[in-house]
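Here is the structure we will look at, set down as structure tokens.
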Amino acid sequence: MGRAFEYRKARKMKRWSSMAKAFTRIGKDIVMAIKEGGPDPESNSRLRAVLQNAKAANMPKDNVERAIKRATDKDTSNYEEKVFEGYAPHGIAILIETATDNNNRTVANIRSHFNRTGGNLGTSGSVDFMFEHKCHFKIANTGQDIEELELEMIDYGVDEIYADEDGIMLYAPFSEYGHVLKAIEDRGFEVLSSGFDRFPMDTKELTEEQRADVDKLLERLEEDDDVQHVYHNMKEEE
283 MGRAFEYRKA
293 RKMKRWSSMA
303 KAFTRIGKDI
313 VMAIKEGGPD
323 PESNSRLRAV
333 LQNAKAANMP
343 KDNVERAIKR
353 ATDKDTSNYE
363 EKVFEGYAPH
373 GIAILIETAT
383 DNNNRTVANI
393 RSHFNRTGGN
403 LGTSGSVDFM
413 FEHKCHFKIA
423 NTGQDIEELE
433 LEMIDYGVDE
443 IYADEDGIML
453 YAPFSEYGHV
463 LKAIEDRGFE
473 VLSSGFDRFP
483 MDTKELTEEQ
493 RADVDKLLER
503 LEEDDDVQHV
513 YHNMKEEE
């Protein structure tokens, strides 16, 4: 699962036309975190996590400061988080997480993306059950024994741990985010990044031509400014 996440993450980053889009998404996360829990990262774990992600993405300090200033301005509207579900061509399930300050615009745009690429926008719950909702953390690798760490963290809901070239990845159910974060911080581990992901229970293999049809929709969705994340159950290319 973890390696599939890293592959999808790299693929997603490649699709974004520029890092500016990634920074826009993180900027929205900063606004939502501050509106929810205040501007102090010490007492706002969601903001603390977003700032870690901004650092991991090499988001310029000026961009971060602008987002914080915007969030603390009482005239700045908060973003509403909405999830859309549907099907791409060839029966591929699509789940889209958005953050919007204009729901009517977002609904119209998402519907248009599906209609223009031969897909179908579904109703709430139509594909959500096909995906596992997970939280993930990347912590600094300081020589920890992975097997011992896994045995220790399993009590907090962690169900997968592995080391990669620049850290240690931990995965747990979505609902265990707070427990895992506290356990990590209590042990003094440096959190490099964290967040949430949705993994398909099963994947569907397509031909190259069929994949191209689905990619048209995925690209339109991922280029939409209101879209934060897009998930699907199309089997990744080997």
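Our numbering runs 282 ahead of the 1-based position in the sequence shown. Glycine residues also receive a C-beta, built at the ideal position from the N, C-alpha and C atoms. On a predicted model such as this, the values are computed, not experimentally measured, just so you know.
By the DSSP assignment, the alpha helix (DSSP H) with residue i in it spans what residues?
{"i": "residue 327", "result": "327 to 338"}
{"i": "residue 394", "result": "385 to 398"}
{"i": "residue 319", "result": "301 to 319"}
{"i": "residue 344", "result": "343 to 354"}
{"i": "residue 443", "result": "No alpha helix (DSSP H) holds residue 443; the beta strand (DSSP E) holding it covers 442 to 446."}
Roughly how many whole angstroms lie between the Cα atoms of residue i and residue j?
{"i": "residue 413", "j": "residue 387", "result": "26 angstroms"}
{"i": "residue 305", "j": "residue 345", "result": "8 angstroms"}
{"i": "residue 508", "j": "residue 301", "result": "16 angstroms"}
{"i": "residue 510", "j": "residue 469", "result": "31 angstroms"}
{"i": "residue 481", "j": "residue 402", "result": "21 angstroms"}
{"i": "residue 390", "j": "residue 417", "result": "30 angstroms"}
{"i": "residue 382", "j": "residue 486", "result": "30 angstroms"}
{"i": "residue 492", "j": "residue 320", "result": "46 angstroms"}
{"i": "residue 358", "j": "residue 352", "result": "6 angstroms"}
{"i": "residue 370", "j": "residue 379", "result": "16 angstroms"}
{"i": "residue 404", "j": "residue 343", "result": "39 angstroms"}
{"i": "residue 431", "j": "residue 483", "result": "26 angstroms"}
{"i": "residue 433", "j": "residue 505", "result": "41 angstroms"}
{"i": "residue 422", "j": "residue 323", "result": "20 angstroms"}
{"i": "residue 517", "j": "residue 449", "result": "26 angstroms"}
{"i": "residue 336", "j": "residue 488", "result": "35 angstroms"}
{"i": "residue 362", "j": "residue 313", "result": "11 angstroms"}
{"i": "residue 515", "j": "residue 458", "result": "24 angstroms"}
Give me the Cβ distance between residue i and residue j, rounded to the nearest whole Å; I'm assuming they're in contact under 8 angstroms.
{"i": "residue 329", "j": "residue 513", "result": "About 24 angstroms separates the two Cβ atoms, so there is no contact after all."}
{"i": "residue 453", "j": "residue 442", "result": "4 angstroms"}
{"i": "residue 479", "j": "residue 400", "result": "The Cβ separation is near 26 angstroms, so there is no contact."}
{"i": "residue 349", "j": "residue 407", "result": "Actually they are not in contact, since the Cβ atoms of residue 349 and residue 407 sit about 33 angstroms apart, beyond 8 angstroms."}
{"i": "residue 315", "j": "residue 326", "result": "6 angstroms"}
Does chain D have any CB closer than 8 angstroms to the CB of residue i?
{"i": "residue 365", "result": "Looking for chain D here will not work: only one protein chain is present."}
Residue i: buried (16+ other C-beta within 10 angstroms of its C-beta) or exposed?
{"i": "residue 451", "result": "buried"}
{"i": "residue 384", "result": "exposed"}
{"i": "residue 427", "result": "exposed"}
{"i": "residue 420", "result": "buried"}
{"i": "residue 374", "result": "buried"}
{"i": "residue 392", "result": "buried"}
{"i": "residue 445", "result": "exposed"}
{"i": "residue 398", "result": "exposed"}
Residue range of the beta strand (DSSP E) that residue i falls in?
{"i": "residue 415", "result": "413 to 421"}
{"i": "residue 469", "result": "Here residue 469 belongs to no beta strand (DSSP E), and DSSP marks it neither H nor E."}
{"i": "residue 378", "result": "374 to 382"}
{"i": "residue 363", "result": "362 to 370"}
{"i": "residue 531", "result": "Residue 531 lies beyond the stretch modelled for the chain, which goes from 283 to 520, so this question has no answer here."}
{"i": "residue 510", "result": "509 to 514"}
Are the Cβ atoms of residue i and residue j separated by less than 8 angstroms?
{"i": "residue 396", "j": "residue 499", "result": "yes"}
{"i": "residue 461", "j": "residue 438", "result": "yes"}
{"i": "residue 332", "j": "residue 311", "result": "yes"}
{"i": "residue 334", "j": "residue 473", "result": "yes"}
{"i": "residue 360", "j": "residue 317", "result": "yes"}
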